[in-house]
Amino acid sequence: MSVRQNPSLDVLKHFRRSVEGLEAPSMAQDAGRTDPGVRTGLDAKVQHAVQLMDPCHLCFRRCGVRRLQGETGFCGIKQGGNIVLEAVLCGEEEIVNPTYEVFLAGCNLRCGFCYESRWIEDPGSVLEVESGTLADRIARTVPIRASNVHWVGGEPSVHLPWIVSVLRDLSAPVPVVWNSNMLMTDEALEILTGIPDLILADIHFGCGECADAMSGFAGYFNWVKRQILKCAGKVDMIIRHLFLPGHFECCYLPIAEWIAENCPTIPFHVMPQYVPPSRMKMPIPDRRTRPDEIERAVETAKLMKLNVMERPFIPGGGPAGTPGFETEIEIFQDGTVAIRNFSGDFIDMVRFLQSGETDTGRFERTSDNRDR
Ligand code: SF4
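According to this note's numbering, the stretch in the sequence shown is residues 7 to 378, in order.
Structure representation (structure tokens):
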């Protein structure tokens, strides 16, 4: 599997080797692994993780509910494995594409701008999948169509015991991407150690007041900083920040300054795709992020000598034969078109539309009801 290059990602040596199947770096051995993607001690990690659910202290909320007895806490998850969507997608950073994304319901936060709020607020409406069933699908799909399996939500930490079970049940190991808000407890982080090949760590808010107003957790930034620092240098990581309109001074600057002081080599991705929610609950202007705001944020980060990712989303051609799934297209009043969940097929279709060609033969509907 070839991995495209972006200079800011050169530091992600372990992940690159993992997806290319090259010789294991010492980092993997330090973390208890012997080969790229090979994880040891997963039986013990599953047992330990299950204990953290009863009473539950997998994340900062420490609800203390007995999830093994069917009780649910803030996240609403019982045993875990409530899959909203799983598909090979190409809409992440170039080094991650194509990626087998497993979108999980349930979260330990309630961010007012979350575009998956329907699955966050009612995760019980999403069926749980057996770990062995998903392990089979991953083992059949990833080696052929994707470069990794990618856990995302919601928040994957609230499903930790189930996810470790899936990885244990894999017939052959695959590289793992952990896409997280980093609000897990120290105990959960200890279990996670040695499992991901790459962490995509989100930092949403840079001050307690904004975090409290928008997510209900005033201690957010301090918690996230602490957990990121525990992982820094032990596992490859990209720090992501979804830029919030009007929150340059209060949120963006403290985040950028903290990264500059503590972990400036970690690739930093300033994400421009904030979309105002239909029901405003937050102190944010009711508009999308302006290009000049992103430009200012990126220039500021460069002046601070952060490892800023340039052109972070460069979707490739995509894997052949991506299974059908729901791609959401939203058209705003200003004419902007937002596309969620990029498949390889969809990228081909967008390119075709941009090209101005008129021969639509290659996109005729096929017997399995997919566009090609
Ligand atoms: S994982 Fe869920 S139940 Fe457990 S502490 Fe966090 S929010 Fe509460």
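Glycine included, every Cβ here is placed at the ideal spot set by N, Cα and C.
Quick caveat, the model's predicted, so the values are computed rather than measured.
Using the Cα positions of residue i and residue j, report the straight-line distance between them to the nearest angstrom.
{"i": "Leu18", "j": "Ala194", "result": "24 Å"}
{"i": "Phe66", "j": "Thr191", "result": "6 Å"}
{"i": "Pro167", "j": "Leu64", "result": "9 Å"}
{"i": "Leu60", "j": "Ser153", "result": "Going by the sequence as given, residue 60 is Asp instead of Leu. Taking the straight line from one Cα to the other gives about 34 Å."}
{"i": "Met243", "j": "Ile205", "result": "5 Å"}
{"i": "Arg296", "j": "His20", "result": "35 Å"}
{"i": "Cys96", "j": "Thr306", "result": "28 Å"}
Looking at the structure shown, is residue i part of a helix, part of a strand, or coil, going by DSSP?
{"i": "Tyr226", "result": "helix"}
{"i": "Pro13", "result": "helix"}
{"i": "Thr147", "result": "helix"}
{"i": "Thr78", "result": "coil"}
{"i": "Phe21", "result": "helix"}
{"i": "Ile83", "result": "coil"}
{"i": "Phe109", "result": "strand"}
{"i": "Cys65", "result": "strand"}
{"i": "Ser186", "result": "strand"}
{"i": "Asp208", "result": "strand"}
{"i": "Glu370", "result": "Reliability of the predicted coordinates at Glu370 is poor, the pLDDT of 46 falling under 50, and the value obtained from them is presented with this limitation in mind. In the structure shown, Glu370 sits in coil (DSSP, three-state: anything other than H, G, I, E or B)."}
{"i": "Val132", "result": "coil"}
{"i": "Val94", "result": "strand"}
{"i": "Ile101", "result": "coil"}
{"i": "Ile126", "result": "helix"}
Between which two residues does the beta strand (DSSP E) holding residue i run?
{"i": "Phe274", "result": "Phe274 to Met277"}
{"i": "Ile265", "result": "No beta strand (DSSP E) holds Ile265; the alpha helix (DSSP H) holding it covers Leu259 to Asn268."}
{"i": "His247", "result": "Asp242 to Leu248"}
{"i": "His54", "result": "No beta strand (DSSP E) holds His54; the alpha helix (DSSP H) holding it covers Leu48 to Gln57."}
In the DSSP assignment, the alpha helix (DSSP H) including residue i goes from what residue to what residue?
{"i": "Met220", "result": "Gly214 to Ser221"}
{"i": "Leu309", "result": "Pro297 to Leu309"}
{"i": "His253", "result": "Where His253 is concerned, there is no enclosing alpha helix (DSSP H), given that its DSSP letter is neither H nor E."}
{"i": "Val158", "result": "No alpha helix (DSSP H) holds Val158; the beta strand (DSSP E) holding it covers Val155 to Val158."}
Relative to the alpha-carbon of residue i, which residue among the options has its alpha-carbon at the smallest distance?
{"i": "Pro278", "options": "Ile261, Glu299, Pro270 and Pro260", "result": "Glu299"}
{"i": "Asp49", "options": "Ile197, Asn88, Ile126 and Leu115", "result": "Ile197"}
{"i": "Met315", "options": "Val56, Gly200 and Pro270", "result": "Pro270"}
{"i": "Thr46", "options": "Ile201, Arg22 and Gly70", "result": "Ile201"}
{"i": "Val170", "options": "Gln85, Gly212, Phe249 and Ile234", "result": "Gln85"}
{"i": "Val155", "options": "Leu173, Lys236, Thr139 and Ser163", "result": "Leu173"}
{"i": "His165", "options": "Val241, Ile144 and Leu189", "result": "Leu189"}
{"i": "Ala238", "options": "Pro260, Ala207 and Ser131", "result": "Ala207"}
Are the stretch 86 to 100 and the stretch 125 to 140 touching by the rule of at least three beta carbon pairs closer than 8 Å? Three or more Cβ pairs closer than 8 Å define a contact, and the stretch 86 to 100 meets that threshold against the stretch 125 to 140.
Any 3 or more C-beta pairs closer than 8 Å across the stretch 245 to 258 and the stretch 71 to 85: Contact between the stretch 245 to 258 and the stretch 71 to 85 is absent, because fewer than three Cβ pairs lie under 8 Å.
Just checking, does the stretch 110 to 119 make contact with the stretch 150 to 165 on the three C-beta pairs under 8 Å criterion? They touch, by the three-pair rule.
How do the stretch 163 to 181 and the stretch 230 to 237 stand: do at least 3 beta-carbon pairs fall below 8 Å, yes or no? Verdict: no, contact absent.
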